[in-house]
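Residue numbers (my numbering), protein chains in the order written: chain X, 1 to 206; chain P, 1001 to 1250. Glycine included, each C-beta is placed from N, C-alpha and C at the ideal position. Notes follow once the structure below has been shown.
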């Protein structure tokens, strides 16, 4: 007996934390440098660029692209298994369940547009990512809102994902600890969202 | 009698498993402590709609009338519950009744819940008994474990948890919270635990415990207050350990 479904589901669960969750945190930290202005942000990007291109490419393909695509495609399949019913059963956890799936669908589209635009066409086409480039993009209100919503959706999806991971792996068993973890993660969600809003708005300030 | 107090029902009906659903409204004479099953019995006695039109009696299932058998589970004002234990005084009117469409509808409010029986067979929801014992020779059971087993044994396969679960339905192959948690009951049994590995492996298959999405509606709607999510988390621990055994013991 191989129980393929079991291993794929568990792999899907781990992928959400490593590498995806860690990458999201790194993304927020690097982007938060924008609060310090163009020089600070460009310097943070410069630090990442110190990683040799060949090594970076291997990390990007095997550490990011493959796990991301796996999580996104299998996650889409999971999303299609649900008939969301928070209007009927309006419990907090059921709303979070539905939001996890709604954010998943939005992020599926968001991530494809984001990566194809900035990583493949812009950076892959030879234009380095810089504060000035993003500032220009965020001058368009549509892009600004699209990225802000995308970031907050990703943060919620990650934080709620940690909560459900603790249930799925049998780490948090009883309702007391499950509720505790859920509240802590929603607090983390709030804090990360505030940081994101701060660095996004800072583009308008400098 | 003209100004007698009545209870307003809006019932989703369906004549055959494949025909289109429609709604009919009924006024049932009020009496103290009236429950939904008793009101349906009144409609059965006098199948006349609110507008005075004669119709066929509404079909539903019930048996024990004391929240033990699970047969009268239906969607009442949007939520899955037992019709016999739902008092008219405690819910808002008009009272909307609908069949639990997670299951195939046979007629009106009557549904086919045999899928749960099939799921119980899948998870081996029984103990291979090889005889009975005198009290002093029976296998010893921890009374704390027995208390947990007693709680889970209250499950009457009514299907409330499956109806409320967003991951159970025609779009998914999830067997649902009730049959999944029953495997834990039999794993706790002093003799049933010998088949624990078989049950856990069944839960690791497609449609098993991995299909749980942690919406936790099951524990909210369970009419027997079984701590379903706690036992689901325990089973998640158990299948993880079983997975390690499967990898490293063979």
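**Asked** How long is the line joining the alpha carbons of residue 1190 of chain P and residue 161 of chain X, rounded to whole angstroms?
**Response** In the second chain, residue 1190 of chain P corresponds to position 190, counting from 1. In the first chain, residue 161 of chain X corresponds to position 161, counting from 1. Roughly 36 angstroms separates the two Cα atoms.
**Item:** Residue nearest to residue 18 of chain X in terms of C-alpha spacing, selected from X/149, X/68, X/9 and X/30
**Value:** By one-based count along the first chain, residue 18 of chain X stands at place 18. If we check each option's Cα against that of residue 18 of chain X, X/68 comes out closest.
**Request:** Any chance you could list the beta strand (DSSP E) runs of at least 3 consecutive residues sitting entirely within the stretch 1157 to 1211 of chain P, in chain order?
**Result:** Segments of the beta strand (DSSP E) lying fully in the stretch 1157 to 1211 of chain P: there are none.
**Message:** Please tell me whether residue 1161 of chain P has its Cβ less than 9 angstroms away from any Cβ of chain X.
**Reply:** Against the second chain, residue 1161 of chain P aligns to sequence position 161. The beta carbon of residue 1161 of chain P does not come within 9 angstroms of any beta carbon belonging to chain X, so the residue lies off that interface.
**Prompt:** How is residue 1080 of chain P classed by DSSP in three states: helix, strand or coil?
**Reply:** Along the second chain, one-based indexing puts residue 1080 of chain P at 80. Strand.
**Prompt:** Which of the three DSSP states, helix, strand or coil, is assigned to residue 33 of chain X?
**Reply:** Against the first chain, residue 33 of chain X aligns to sequence position 33. It is helical.
**Message:** Short of 9 angstroms Cβ to Cβ, which residues in the stretch 73 to 88 of chain X face chain B?
**Reply:** No chain B is part of this structure, whose protein chains are labelled X and P.
**Prompt:** Which partner residues does residue 1008 of chain P have in the DSSP bridge list?
**Reply:** In the second chain, residue 1008 of chain P corresponds to position 8, counting from 1. Residue 1008 of chain P pairs with P/1027.
**Request:** Count the CB pairs spanning the stretch 1231 to 1246 of chain P and the stretch 179 to 196 of chain X that are closer than 8 angstroms, and state whether there are at least three.
**Result:** Fewer than three Cβ pairs drawn from the stretch 1231 to 1246 of chain P and the stretch 179 to 196 of chain X lie within less than 8 angstroms of each other, which leaves the two stretches out of contact.
**Asked** Which of the three DSSP states, helix, strand or coil, is assigned to residue 1014 of chain P?
**Response** Sequence index remark: in the second chain, residue 1014 of chain P carries index 14 (1-based). Note: residue 1014 of chain P maps to coil in three-state DSSP.
**Message:** Starting from residue 1097 of chain P, trace the beta strand (DSSP E) in both directions and tell me its first and last residue.
**Reply:** Here residue 1097 of chain P refers to the residue found at position 97 of the second chain. Per DSSP, residue 1097 of chain P belongs to the beta strand (DSSP E) from 1095 to 1098.
**Message:** Any C-beta of chain X within less than 9 angstroms: which residues of the stretch 1204 to 1222 of chain P qualify?
**Reply:** Listed in chain order, the positions of the stretch 1204 to 1222 of chain P with a beta carbon within less than 9 angstroms of a beta carbon of chain X are 1204, 1205, 1206, 1207, 1208, 1209, 1210, 1211, 1212, 1213, 1214, 1215, 1216, 1217, 1219, 1220 and 1221.
**Asked** Taking Cβ-Cβ distances below 8 angstroms as the criterion, which residues of the stretch 1088 to 1114 of chain P are in contact with chain X?
**Response** Under the 8 angstroms Cβ criterion, the stretch 1088 to 1114 of chain P contributes no residue.
**Asked** Which residues does DSSP pair with residue 1048 of chain P in a beta bridge?
**Response** Here residue 1048 of chain P refers to the residue found at position 48 of the second chain. DSSP lists P/1054 as partners of residue 1048 of chain P.
**Request:** Would you list, in chain order, the members of the stretch 148 to 168 of chain X that have their beta-carbon closer than 9 angstroms to a beta-carbon of chain P?
**Result:** Near chain P, meaning a CB-to-CB distance below 9 angstroms, the residues of the stretch 148 to 168 of chain X are 163, 164, 166, 167 and 168.
**Request:** Verify whether the separation of the beta carbon atoms of residue 41 of chain X and residue 72 of chain X is less than 9 angstroms.
**Result:** On the first chain, residue 41 of chain X is found 41 positions in, with the first residue counted as 1. On the first chain, residue 72 of chain X is found 72 positions in, with the first residue counted as 1. With a cutoff of 9 angstroms on beta-carbon distance, residue 41 of chain X and residue 72 of chain X are scored as not near each other.
**Request:** Report the neighbours of residue 1167 of chain P on chain X: residues whose CB is nearer than 7 angstroms to its CB, in chain order.
**Result:** Counting from one through the second chain, the residue named residue 1167 of chain P turns up at place 167. The answer, in chain order, is 81 and 82.
**Asked** Closest Cβ-Cβ distance between residue 6 of chain X and chain P: below 9 angstroms?
**Response** Counting from one through the first chain, the residue named residue 6 of chain X turns up at place 6. With 9 angstroms as the cut-off, residue 6 of chain X counts as an interface residue toward chain P.
**Message:** Here's a check: name, in chain order, each residue in its chain whose Cβ is nearer than 7 angstroms to the Cβ of residue 8 of chain X, leaving out the five neighbours to either side.
**Reply:** Within the first chain, numbered from 1, the residue matching residue 8 of chain X stands at position 8. Around residue 8 of chain X: 74.
**Message:** Against chain P, with Cβ distances strictly below 9 angstroms, would residue 172 of chain X count as a contact?
**Reply:** Translated into positions along the first chain, residue 172 of chain X becomes position 172. Closer than 9 angstroms to some Cβ of chain P, the Cβ of residue 172 of chain X qualifies, so yes.
**Prompt:** Quick one: which chain P residues come within Cβ less than 7 angstroms of residue 9 of chain X?
**Reply:** Position 9 of the first chain holds residue 9 of chain X. Simply 1210.
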